[in-house]
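Engineer: I'd like to ask some things about the structure below.
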Amino acid sequence: MSKSEPRGKLDVERTHGDLKLRWRGPDELGIQDETVLLAVLLLARAERTSLTRHDESPAATDLWRGLQARGFYDEGEVVMTTASFSALAKACGRGDGGSSIGQIRESLRRLSEVTLWVTAGPAQASSRLLSWIVGDDKKVLIAVNRRLAEGLTGTHSVQIDLAERQQLRSTTAQALHSRISSQIRQGEKSNVILDTVIARIWGTSATGATLRKRQQRVHEAFNEVGSLPGWTVERIPNGRYSVKRHKTKSGGSATATEDSSSNRSQAPAPELV
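In the numbering used here, the protein residues as written are 17 to 289.
Below is the structure:
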């Protein structure tokens, strides 16, 4: 989304194996909203405070109620974090001024209004992405839904380095970085198809001048990512890029769950399609 583009309603559906996933909300999400979500996951991973629907403290009750968990998402543990808005802004790579905090609050509002519906055969469940409340000491308490929590506490996850993300100037480069980070593990290499990246970043098809502009933006984004120490990017024939992700020791990584535990046992695909 461009900054001037009006937000439509969010309604995205995907199928992965035998799972049907659908995200719905009153507002579409942008790259800045993704940054806030990744920052929340980073802080939640560091704290790893568990929360269930049986916890009876007022804050826990409010957070669980805010998740609006239904079906099999109404059981098990979620993860919460308690942080100041300043800490959240720092994790996002922003200052802690009033304008920045206001934008983070708006992102939290949009994220908390998104519901994820999951259908697995005859079973169906749903939950908000996250819920949040502001404490008396001006700290924000945030709970992330069970599917995201499984990525923070389990073994099947992907890692997106926020320290790297903060070095990228353009939102297109940030979008590219998060998407190839979710596909290429540290120490691995793969060929990335330009048209596939364009479809994943914008989610819509384009032709003519619009397509050419998007292609140019993605070419520039690959150059940005390739300038990071953790990546080697080389343009190769047939609209592809050879991308290698190096092993790093950075601790500033947000972790998110994969769609299927079976991904870990499969050999990496030669191309991202």
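Don't be surprised by glycine CBs; every beta carbon is placed ideally from N, CA and C.
1) Would you mind stating whether L178 and A107 have Cβ atoms separated by less than 9 Å?
2) Helix, strand or coil: which one does DSSP assign to D27?
3) What ranges does the alpha helix (DSSP H) occupy inside the stretch 28 to 83, keeping only unbroken runs of at least 4 residues that lie completely in it?
4) Would you be able to state if there are at least three C-beta pairs under 8 Å between the stretch 100 to 117 and the stretch 51 to 64?
5) Of all the beta strand (DSSP E) runs that stay within the bounds of the stretch 144 to 208, which reach a length of 3 or more residues?
6) I'd like to confirm the pairing. Which residues does DSSP put opposite V134 in its beta bridges?
7) Quick check on A85: does DSSP put it in helix, strand or coil?
8) Is I209 close to the ligand PLP? I mean its beta-carbon at under 8 Å from any heavy atom of the ligand.
9) State buried or exposed for V289, treating a residue as buried only when at least 16 other CB atoms are found within 10 Å of its CB.
10) Beta carbon of L196, beta carbon of V259: below 9 Å?
11) Considering Cα atoms alone, identify which of G151, A85, Y257 is closest to I200.
12) Looking only at its own chain, which residues have a Cβ that is under 8 Å from the Cβ of G203, when we skip the five neighbours before and after it?
13) Since K260 is in the beta strand (DSSP E), which residue starts that stretch and which ends it?
14) What are the start and end residues of the alpha helix (DSSP H) that includes A103?
15) If I'm right that V130 touches L26 with Cβ under 8 Å, what's the distance once you round it to whole angstroms?
16) Go through its chain and collect everything with a Cβ distance to R64's Cβ below 8 Å, but skip five positions before and after it.
17) Could you give the distance in angstroms between the alpha-carbon of I158 and the alpha-carbon of A225?
18) Is the number of C-beta pairs between the stretch 144 to 153 and the stretch 77 to 87 that are closer than 8 Å three or more?
19) Could you tell me if H70 is buried or exposed, where buried requires 16 or more neighbouring beta carbons within 10 angstroms of its beta carbon?
20) As a quick exercise: from N254, R163, G246, pick the residue whose alpha carbon is nearest that of L37.
21) Cα separation between A141 and R251?
22) In the structure shown, what three-state DSSP assignment does T248 receive?
23) Taking 8 Å as the threshold, find out whether the stretch 235 to 250 comes into contact with the stretch 181 to 194 through three or more Cβ pairs.
24) Measuring only the C-alpha atoms, how far is V156 from S115?
25) Tell me the residue span of the alpha helix (DSSP H) that contains S123.
Structural biologist: Inspection of the coordinates gives the following:
1) yes
2) strand
3) 47 to 63, 74 to 83
4) yes
5) 146 to 150, 155 to 160, 173 to 177
6) L37, A141
7) coil
8) Inclusion of the ligand PLP in the displayed structure is not the case, the ligand content being empty and no account of it being possible.
9) Bear in mind that a pLDDT of 29 at V289, under 50, signals an unreliable position, so the number given afterwards is only what the model happens to contain. Under this definition V289 is an exposed residue.
10) For the record, residue 196 in the displayed sequence is Ile; it is not Leu. Taking 9 Å as the Cβ cut-off, I196 and V259 qualify as a contacting pair.
11) Y257
12) R261, H262, K263
13) 256 to 261
14) 101 to 107
15) 6 Å
16) V95, L168, T169
17) 42 Å
18) yes
19) exposed
20) R163
21) 42 Å
22) strand
23) yes
24) 17 Å
25) 114 to 128
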